[in-house]
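Notes to accompany the following structure.
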Amino acid sequence: MKIDKIAILNDISSDNINLISFLDTFAKFSQNTEDIEEFIYFNENISQSFFKLTDLKKEDLEDILDILKLIKDKSKKEDLDIYGEEVERGINEVNWLIEEKNLYQNIFQEFDNKKVLDKNSIVNELYKNEDVFQSQYLIKTFSNKLWKELDEETIVNFLNGLDFYYLSNEAYFFILPACIRYGLEKFEDNEQLDYLTFFLSDKERVKNANEKIKTLVVSYLNLLKELNFSGYFEKEEKECLELWK
8 MKIDKIAILN DISSDNINLI SFLDTFAKFS QNTEDIEEFI YFNENISQSF FKLTDLKKED
68 LEDILDILKL IKDKSKKEDL DIYGEEVERG INEVNWLIEE KNLYQNIFQE FDNKKVLDKN
128 SIVNELYKNE DVFQSQYLIK TFSNKLWKEL DEETIVNFLN GLDFYYLSNE AYFFILPACI
188 RYGLEKFEDN EQLDYLTFFL SDKERVKNAN EKIKTLVVSY LNLLKELNFS GYFEKEEKEC
248 LELWK
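Note that this note's numbering numbers the sequence shown so that position 186 is 193, with each residue one more than the last.
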């Protein structure tokens with residue numbers, strides 16, 4: 008996304024075609040496309056370029072936010088009557104995206120350790136003898152690896168298996184940051200990490216979670232709540248958030 012900051016801010020008014028073209032990035036989605044399936048998390052008030060903005064680096068988003076704030080502060084009332092809605096939508100969305108980038112970065116900072124799971128600490132003691140094949144799968148998948156080394160395919164396959172109760176608490180909390188990581192990455196690609204909310208909705212796990220884990224999950228769910236995409240933050244997600252608060 009190329010932005011000519013000088014051309015945009017040279018004349019902060021509705022007469023500046025560069026400014027208007029820049030603000031069209033934040034035009035309402037529902038007014039600019041007939042392809043309703045373009046977003047799987049539909050919100051008619053979201054901007055038409057939202058999922059293109061997710062590709063930008065945090066620094067680029069901060070530059071865009073500065074431009075939007077200058078336009079808001081320096082525009083005349085009659086000009087804001089024309090493009091004020093796009094300015095506000097842009098500020099809200101870019102702020103959200105910066106927050107999302109910060110959360111993604113914080114996952115790696117807060118959980119930056121050299122811990123690996125011993126093969127004997129992965130399977131819940133209650134189920135070790137229930138399904139030997141499942142136990143062996145979990146041990147092979149998660150033992151002697153850093154959580155950062157768990158790739159997307161591994162997490163997707165694990166979540167699709169729905170056998171979360173086989174995990175010990177130690178293993179559950181070990182892989183949780185990886186699940187949130189790929190949840191955010193999927194979201195940026197306009198996709199969904201299936202069963203992530205279900206994975207996070209285990210009441211017994213919440214009781215045993217430390218504050219760092221709780222903060223991560225609540226931050227993630229609050230982000231989704233702020234964006235308010237239908238099909239993404241609904242009854243299941245609301246109940247999950249209340250569980251972790």
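Ideal Cβ positions, reconstructed from N, Cα and C, are used throughout, including at glycine.
Please read all numbers here as calculations on a predicted model, not as lab measurements.
For residue i: DSSP bridge partner residues
i: S150; result: L124
i: L248; result: Answer by DSSP bridge pairing: none, since L248 is not bridged.
i: S54; result: K35
i: V163; result: DSSP, once it has assigned bridges, lists no residue as partnering V163.
i: V130; result: L174
Rounded C-alpha distance that separates residue i from residue j
i: S82; j: T32; result: 18 Å
i: I47; j: E198; result: In this prediction, I47 has a pLDDT of 49, which is less than 50 and means its spatial position is unreliable; what the coordinates show is noted afterwards. So the alpha carbons of these two residues sit roughly 7 Å apart.
i: D158; j: S28; result: 39 Å
i: A185; j: S54; result: 29 Å
i: N131; j: Y144; result: 13 Å
i: E177; j: L234; result: 32 Å
i: K245; j: L110; result: 19 Å
i: C247; j: D125; result: 30 Å
i: G91; j: L30; result: 9 Å
i: N39; j: L230; result: Legend: pLDDT at N39 = 49, less than 50; position of this residue unreliable, value from coordinates given subsequently. Approximately 25 Å between the Cα atoms of the pair.
i: K122; j: K12; result: 45 Å
i: Y179; j: I19; result: 52 Å
i: M8; j: N52; result: 21 Å
i: A34; j: K64; result: 21 Å
i: F118; j: I129; result: 18 Å
i: R188; j: N23; result: 41 Å
Three-way DSSP call (helix, strand, coil) for residue i in this model
i: S226; result: helix
i: K59; result: helix
i: F29; result: helix
i: I47; result: With a pLDDT of only 49 at I47, under the threshold of 50, the placement of this residue in the model should not be trusted, and no figure is reported.
i: E137; result: coil
i: L157; result: coil
i: S20; result: coil
i: E218; result: helix
i: Q143; result: helix
i: K12; result: helix
i: L169; result: coil
Extent of the continuous alpha helix (DSSP H) to which residue i belongs
i: Q116; result: 84–117
i: E192; result: 176–195
i: K214; result: 210–215
i: E241; result: Segment: none, E241 is in no alpha helix (DSSP H) and carries neither H nor E.
i: D80; result: 65–81
i: L5; result: Any answer about residue 5 is impossible in this case: the structure gives the chain only from 8 up to 252.
Is it true that the stretch 68–76 meets the stretch 94–108, where meeting means three or more beta-carbon pairs spaced less than 8 Å apart? yes
Do the stretch 107–119 and the stretch 134–149 meet, that is, are 3 or more Cβ pairs less than 8 Å apart? no
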